[in-house]
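S.K.: Chains as they are written, first to last, in the working numbering: chain B, 640 to 754; chain S, 2 to 115.
(1) Cβ closer than 8 Å: which chain B residues qualify as neighbours of residue 103 (chain S)?
(2) At the level of alpha carbons, what is the spacing between residue 717 (chain B) and residue 693 (chain B)?
(3) Relative to the alpha-carbon of residue 101 (chain S), which residue among S:61, S:22, S:33, S:15 has its alpha-carbon at the smallest distance?
(4) Tell me the residue span of the beta strand (DSSP E) that contains residue 60 (chain S).
(5) Would a check of beta-carbon distances place residue 80 (chain S) closer than 7 Å to chain B?
(6) Please state whether DSSP places residue 84 (chain S) in a helix, a strand or coil.
(7) Applying the 10 Å Cβ sphere with the 16-neighbour rule, what's the burial state of residue 646 (chain B)?
(8) With a threshold of 7 Å between beta carbons, is residue 43 (chain S) in contact with chain B?
(9) Going by C-alpha distance, which of B:665, B:680, B:725, B:707 is nearest residue 655 (chain B)?
(10) Counting C-beta neighbours from all protein chains within 10 Å, is the total for residue 44 (chain S) 16 or more, i.e. buried, or is it exposed?
(11) If we ignore side chains and look at the alpha-carbon of each, how far apart do residue 754 (chain B) and residue 734 (chain B) end up?
(12) Are the C-beta of residue 678 (chain B) and some C-beta of chain S separated by less than 7 Å?
(13) Could you pull the start and end residues of the beta strand (DSSP E) that residue 715 (chain B) belongs to?
(14) Considering Cα atoms alone, identify which of B:672, B:643, B:680 is closest to residue 686 (chain B).
(15) If you count every other CB in all the chains shown that lies within 10 Å of the CB of residue 651 (chain B), and 16 or more means buried, which is it?
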């Protein structure tokens, strides 16, 4: 089955540690995205990537970093510089960015707790 | 700038009641509009979409019509079920200005009681 996988589902870290969240897709999509979701709030875009080896900052990129070395993979690193890292992180993909009508396909999410 | 505004939740209904969740948008261009649904502990799933004025998106008994004159995309269902309990997000996508934008509303939680 085609889809997006995120691992792990739950992640616990101590303050001051960097942590990397995995996102893999087998949909052959060019575009991939990372969102952060906090309770009672909508989704906020962290980073997105249109093609391999290219990515753009979203609305809340500070304290995060990404890489896109393969079409299928778009890992997100939450660094110690992120002031409030505890949140639910969602990865998504779409066919591309050239048409506004493309819907996004989401993974099941990773809940990160930093103490 | 572009934005999406949804009605505040939670919305609590009895089974078989009629559902409306309001969504209005502002956009500098000519966006596509979407409704996504999120069940507890999961990612979002596309529910329906519309890409031009007067288009009606529909899926699983849910409907929404792209109203350019009122900049709205309200979600409706004639008879809700307990299994419809979830959070619903309205979203827009716009590349008219040359810059990619995909904006989500804050979500509306729906609780359906048996």
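We put the CB at the ideal spot given by N, CA and C, even for glycine.
The structure displayed is predicted, hence computed values, not measured ones.
M.R.: By the coordinates alone:
(1) The answer, in chain order, is 672, 684, 743.
(2) 19 Å
(3) S:33
(4) 57-60
(5) no
(6) helix
(7) exposed
(8) yes
(9) B:725
(10) buried
(11) 37 Å
(12) Residue 678 (chain B) does not count as touching chain S.
(13) 715-717
(14) B:672
(15) exposed
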